[in-house]
Amino acid sequence: MEKHFDPNTIESKWYQLWENKGYFKPQNNDAAPYSIMIPPPNVTGSLHMGHAFQDTIMDTLIRYHRMQGNDTLWQPGTDHAGIATQMVVERQLAAKGLSRHDLGRDAFIDKIWEWKEESGGTITKQLRRLGASPDWSRERFTMDDGLSNAVKEVFVRLYEEGLIYRGKRLVNWDPILHTAVSDLEVISEEEQGNLWHMRYPLSDGSGHLVVATTRPETMLGDQAVAVNPEDERYKHLIGKTITLPLVDREIPIIADDYVDLEFGTGCVKITPAHDFNDYEMGKRHNLPMLNIFTIDAAINDEAPEKYRGLDRYEARKQIIADLEALGLMEDIKPHTLMVPRGDRSHAVIEPLLTDQWYVAVESLAKPAIDAVKNGDIEFVPKNWENTYFEWMNNIQDWCISRQIWWGHRIPAWYDEAGNVYVGRDETEVRGKHNLAADVSLRQDDDVLDTWFSSALWTFSTLGWPEQTPELAKFHPTSVLVTGFDIIFFWVARMIMMTLKFTGQVPFKQVYVHGLVRDGEGQKMSKSKGNVLDPIDLIDGIDLESLVQKRTYGMMQPEKAAKIEQATRKQFADGIPAYGTDALRFTFASLASTGRDIRFDLNRAEGYRNFCNKLWNATRYVLMNTEGYDTGVDASQPVELSLADRWIVSRLQQIEEEVAKHFDNYRFDLASNALYEFTWNEYCDWYLELAKPILNSADSSDAAKRGTRRTLVRVLEALLRLLHPVIPFITEEAWQAVAPLAGKDGATIMLQPYPQAEADKIDSAAMAELEWVKQFIMGVRRIRSEMDIAPSKALPVLLASLNDTDAAWLENNRLFLQSLAKLDSITVLQNEADAPESAVSLVGEMKVLIPMAGLIDKDAELARLAKEIGKLEGEIKRLSGKLGNESFVAKAPADVVANERQKLSDNETALNNLKVQYEKIQQL
149 MEKHFDPNTI
159 ESKWYQLWEN
169 KGYFKPQNND
179 AAPYSIMIPP
189 PNVTGSLHMG
199 HAFQDTIMDT
209 LIRYHRMQGN
219 DTLWQPGTDH
229 AGIATQMVVE
239 RQLAAKGLSR
249 HDLGRDAFID
259 KIWEWKEESG
269 GTITKQLRRL
279 GASPDWSRER
289 FTMDDGLSNA
299 VKEVFVRLYE
309 EGLIYRGKRL
319 VNWDPILHTA
329 VSDLEVISEE
339 EQGNLWHMRY
349 PLSDGSGHLV
359 VATTRPETML
369 GDQAVAVNPE
379 DERYKHLIGK
389 TITLPLVDRE
399 IPIIADDYVD
409 LEFGTGCVKI
419 TPAHDFNDYE
429 MGKRHNLPML
439 NIFTIDAAIN
449 DEAPEKYRGL
459 DRYEARKQII
469 ADLEALGLME
479 DIKPHTLMVP
489 RGDRSHAVIE
499 PLLTDQWYVA
509 VESLAKPAID
519 AVKNGDIEFV
529 PKNWENTYFE
539 WMNNIQDWCI
549 SRQIWWGHRI
559 PAWYDEAGNV
569 YVGRDETEVR
579 GKHNLAADVS
589 LRQDDDVLDT
599 WFSSALWTFS
609 TLGWPEQTPE
619 LAKFHPTSVL
629 VTGFDIIFFW
639 VARMIMMTLK
649 FTGQVPFKQV
659 YVHGLVRDGE
669 GQKMSKSKGN
679 VLDPIDLIDG
689 IDLESLVQKR
699 TYGMMQPEKA
709 AKIEQATRKQ
719 FADGIPAYGT
729 DALRFTFASL
739 ASTGRDIRFD
749 LNRAEGYRNF
759 CNKLWNATRY
769 VLMNTEGYDT
779 GVDASQPVEL
789 SLADRWIVSR
799 LQQIEEEVAK
809 HFDNYRFDLA
819 SNALYEFTWN
829 EYCDWYLELA
839 KPILNSADSS
849 DAAKRGTRRT
859 LVRVLEALLR
869 LLHPVIPFIT
879 EEAWQAVAPL
889 AGKDGATIML
899 QPYPQAEADK
909 IDSAAMAELE
919 WVKQFIMGVR
929 RIRSEMDIAP
939 SKALPVLLAS
949 LNDTDAAWLE
959 NNRLFLQSLA
969 KLDSITVLQN
979 EADAPESAVS
989 LVGEMKVLIP
999 MAGLIDKDAE
1009 LARLAKEIGK
1019 LEGEIKRLSG
1029 KLGNESFVAK
1039 APADVVANER
1049 QKLSDNETAL
1059 NNLKVQYEKI
1069 QQL
């Protein structure tokens, strides 16, 4: 192995070999299946922190179960991402002065396919950089022929059962993209606006009502004013009418429990065609649905002529001016409101009444609810079941049509009379309905919502509607790994569709992970300038390149300057290369059952140091075992030391613990257990305990052979334990270590995952070695406290020994003298004979180190006095700060708590130093 660990040199080498050799494919047809379907990333996308986190979890599970002996399939693929992909290609055309309409539909679709072939594989290349091990030979795309056929099959069957229909309903409308969009494609954020209080005159001239709105322009479509039926202020007006200003249309005053008596004036204007809550109220009261907007969100011909053709915001200004001129504007107040914007266009979304295709989901929802209730599907953590049930029990019909060109075109055709015919293709439609060749048919221009094809993902990717061997073996899949934000949009719909068309659940478990946030807990977004690119963390990035990435061209200059300043302050030296393994270990360590994941670069640095530690430990083991007898020849005698028996025992325990955590999706606990065992027990303790055996002339060949065998066998097992989380470094190290441990095979990834063997746990050895550790740590603690050089050999006096202490002392003098750096060990018959000493306890036994002659008394007292003075000054400062009532009242609670903790820690440290000072004075 090379002297220094360089991730870059090993990652590409091993990944290419793994993929070329076909190691990612199912390996054992006779074994129990384990399968995961990748949540298909957008074909336009690139790897972001959420992807990297999620895919690390999936790859860890797949590698773990592959080594467990399961026949594993991780099914990869990408989503055609209708709106996003169409926008990419439309921008390319716009740069040439063209639009999609200049090309026509077929030529435009051809352009998108060209783009997909040339540039659509970015994210799959990046997933390879992350070490992801799906079966790339089975990669699917939601627009490939097989999946497209599945989509048409499902649409036609649902239509024939009456579960798909076309109707006019309110949808989220993007006035820039000219299409309906799903709730997931709408980002609502707080913005500053106004609340306009408008007077609506009663038709009988007896007065007026005041209504408040954040969208005055929608008043042109008002159909009623609603009040709460229990509101004493307005009970006498229910059933009367008001005359809608500027429109001169009489509309009724209605009563509805939805109206909040405490909000505003208690009167609410109702515009059923332009507000989702109003739409539901309009249906309850049979109000007309009057649409006053064009697809561009301009005023249409249903409004008075004066406003026709005006953009909605121009119309707003005109309407406000007209109301003020008529004396009908009561008040205008600043108001903070949630503004819905399209995540692609950034345009303000309008609720719009349009003709769309829908799935009637009520009959599909019941079996999907039952599947979770009866345990066929389990959510991890379980509390997410409540979120699922809440949505499913109040589910609304699903709008599945989109007014764009890229996607699965709806398999419906219209004749000149407007009759609709649904079929898998036009030939089937004509044959099924006996339509003559001269009957002209036009296919529906709309395409299906991207989530429609994604809902079929677990079974369509395995070949459905054909009954393929893969479908029979790997479906239902084992687990879905997903974020909580798409439980409704994807998880629930997959459950409904899969049960409907296969009679099976799509997956047995749903592991719901949190969102990756920055170190301060803020959501990562380009607009905030806090985005981290996983590839930058793997390869490193210089400061100037990072600034350029974060302050992208479309950003406003003021915001870009602010982000640049913050970036330069936080990343003065850029971001170093952490390597894939360190990044993966960081993600795994953060994968708890909580909702949010705070990504801290300090943790990435810690796990990079861990990889270096593992690398150096492996090199040390190789230097002490290569060319030596490592116990592979069973005919040679082997003698195991206490340390050998202890580390083998601890290995069994850690094997059991890690497997339990992986099985329970506690990647954080598994990672922590692996870290602690590797760093603290194997590297820091066992390697040091092995040195006295290997280096002592008194050690027998059998003892040295036993230690060398233990060194390589435990390390080899440890590399297999770590492999699912950090695949590259473990493969490189395993190739060198495995032959010494008597293992063969082409790759670590196809080796069995270590299984705990209870008969190898030596409880007596573990208790005795723990005594040795406590003895050594006690001496080391005294050295640290007394500032005694690590190289100085110390005399140790022992008092209050019991028979066990005495036996263990005789057994382990070699370890104690070597690791604690002792000059001598003397057992006192009478503790009273001991000189002034520093004391450490090991159980009831006292470990004493005489102080006289070990330190420069005057120099040590001077040093301690200086430290005491510093602490007293800091305690005075903190006490004054916390004694300031204004600070305690106004500062955030976590800041105050942090300062109080600092004060407590400093007071404890001061007390310890004073005790130490007194001891030194008495020498």
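Counting with the working numbering, you get residues 149 to 1071 for the letters of the sequence shown. From the three backbone atoms N, C-alpha and C, an ideal C-beta is built for every residue, glycine too.
*Indicate whether the contact test is met: 3 or more Cβ pairs, each with one atom in the segment 209-220 and one in the segment 898-907, closer than 8 Å.*
With three or more CB-CB distances shorter than 8 Å, the segment 209-220 counts as touching the segment 898-907.
*State yes or no: is the C-beta of A884 within less than 7 Å of the C-beta of E864?*
The answer is no: Cβ separation not under 7 Å.
_Every unbroken alpha helix (DSSP H) within the segment 790-847, with a cutoff of 4 residues, ordered by chain_ = Listed in chain order, they are 790-811, 815-824 and 835-843.
_Helix, strand or coil at L394 according to DSSP, with G and I counted as helix_ = The three-state secondary structure of L394, taken from DSSP, is coil.
*Report yes or no: do the segment 440-458 and the segment 322-336 share at least 3 C-beta pairs separated by less than 8 Å?*
They touch, by the three-pair rule.
*The beta strand (DSSP E) with F655 in it runs from where to where?*
F655 to H661 is the span of the beta strand (DSSP E), which, as asked, contains F655.
*asked:* Distance check for G315 and R397, CA to CA, integer angstroms please.
replied: Answer to the nearest angstrom: the Cα atoms are 27 Å apart.
*Beta-carbon proximity list for D1084, same chain, < 6 Å, skipping 5 on both sides*: Because the chain spans 149 through 1071 in this model, residue 1084 falls outside it and cannot be assessed.
*Report the residue ranges of all alpha helix (DSSP H) runs contained in full by the segment 921-963; include only those spanning at least 4 residues, in chain order.*
Counting only runs of 4+ residues, the alpha helix (DSSP H) found wholly inside the segment 921-963 occupies 951-959, in chain order.
*Range of the contiguous beta strand (DSSP E) that encloses K417*: In the DSSP assignment, K417 falls within the unbroken beta strand (DSSP E) covering V416 to I418.
*Rounded C-beta distance between K417 and D370? I'm assuming under 8 Å.*
Right, the Cβ-Cβ distance comes to about 5 Å (below 8 Å), so this counts as a contact.
*Have a look at the DSSP bridge pairing and note the partners of L628.*
Residue pairing from DSSP places L628 in a beta bridge opposite V658.
*Using a threshold of 7 Å, state whether the C-beta atoms of D283 and K431 are closer than that.*
Not a contact, by the Cβ cut-off of 7 Å.
_Cutting at 8 Å between CB atoms, please list the residues of its own chain near P488, excluding the five before and the five after it._
Cβ within range, chain order: N320, V334, I335, S336, V496 and I497.
*Quick one: measure Cβ to Cβ for T413 and T366, integer angstroms, because I've assumed they're closer than 8 Å.*
That pair is no contact at about 17 Å.
_Do T290 and D203 have their beta-carbon atoms positioned less than 7 Å apart in this structure?_
D203 places its beta carbon 7 Å or farther from that of T290.
*Which full runs of the beta strand (DSSP E) of 3+ residues lie inside the segment 697-749, going along the chain?*
Those beta strand (DSSP E) runs which fall completely within the segment 697-749 and span 3+ residues are 744-746.
*Using the rule of at least 16 other Cβ atoms within 10 Å of the residue's Cβ for burial, across every protein chain shown, is G926 buried or exposed?*
With 16 or more Cβ atoms within 10 Å of its Cβ, G926 is classed as buried.
*Along the chain, where does the alpha helix (DSSP H) that runs through E337 open and close?*
First-last for E337: V334 to P349, but that is the beta strand (DSSP E), not the alpha helix (DSSP H).
*Just how far apart, CA to CA, sit W553 and T327?*
The alpha-carbon atoms of W553 and T327 are separated by roughly 10 Å.
*Assign F424 to buried or exposed, taking buried as 16 or more other Cβ atoms, counted over all protein chains shown, within 10 Å of its Cβ.*
Counting Cβ neighbours within 10 Å, F424 comes out exposed, since fewer than 16 surround it.
*Same chain, Cβ closer than 6 Å to A180, neighbours up to 5 away in sequence not counted*: The residues are N218.
*asked:* If I measure Cβ to Cβ from Y182 and keep anything under 6 Å in the same chain, skipping five residues before and after, which residues do I get?
replied: Excluding its 5 nearest sequence neighbours in each direction, Y182 has C-beta neighbours in its own chain below 6 Å: H213, N218, T220 and S626, listed in chain order.
_Classify R641: buried if its beta carbon has 16 or more other beta carbons within 10 angstroms, exposed otherwise._
R641 is buried by the Cβ-count criterion.
_Looking only at its chain, what residues have a beta carbon closer than 8 Å to the beta carbon of T741, apart from the 5 residues adjacent to it on each side?_
Closer than 8 Å at Cβ, skipping near neighbours: V528, P529, Y813 and R814.
*asked:* Could you compute how far the alpha carbon of Q591 sits from the alpha carbon of D545?
replied: In this structure, the CA atom of Q591 is about 24 Å from the CA atom of D545.
*Interface flag, P436 vs chain B, CB-CB below 7 Å*: Absence of chain B from the displayed structure is noted, only one protein chain being present.
_Sequence-distant residues of its chain with Cβ nearer than 8 Å to E905 (five each side left out)_ = The answer, listed in chain order, is Q800.
*asked:* Does T362 pass the burial test, meaning 16 or more other C-beta atoms within 10 Å, or should it be called exposed?
replied: The residue in question, T362, is exposed, as its Cβ has fewer than 16 Cβ neighbours within 10 Å.
*Identify the continuous beta strand (DSSP E) that holds D219 and give its terminal residues.*
Where D219 is concerned, the enclosing beta strand (DSSP E) stretches over D219 to Q223.
*Which partner residues does S972 have in the DSSP bridge list?*
Answer by DSSP bridge pairing, in chain order: P943.
*So P998 is in the alpha helix (DSSP H); what residue range does that whole segment cover?*
Taken as a continuous stretch (DSSP letters only), P998 belongs to no alpha helix (DSSP H), being part of the beta strand (DSSP E) at M993 to P998.
_Measuring alpha carbon to alpha carbon, tell me which residue in Y700, F747, V695 and L731 is nearest G722._
With distances taken between Cα atoms, G722 lies closest to V695.
*Extent of the continuous alpha helix (DSSP H) to which E498 belongs*: Premise fails: E498 lies in the beta strand (DSSP E), E498 to V507, not in any alpha helix (DSSP H).
*Pull up the distance between the alpha-carbon of T952 and that of L685, whole angstroms please.*
When only Cα atoms are considered, T952 and L685 end up about 52 Å apart.
*Cα separation between D178 and F655?*
In a straight line, the C-alpha of D178 is about 21 Å away from that of F655.
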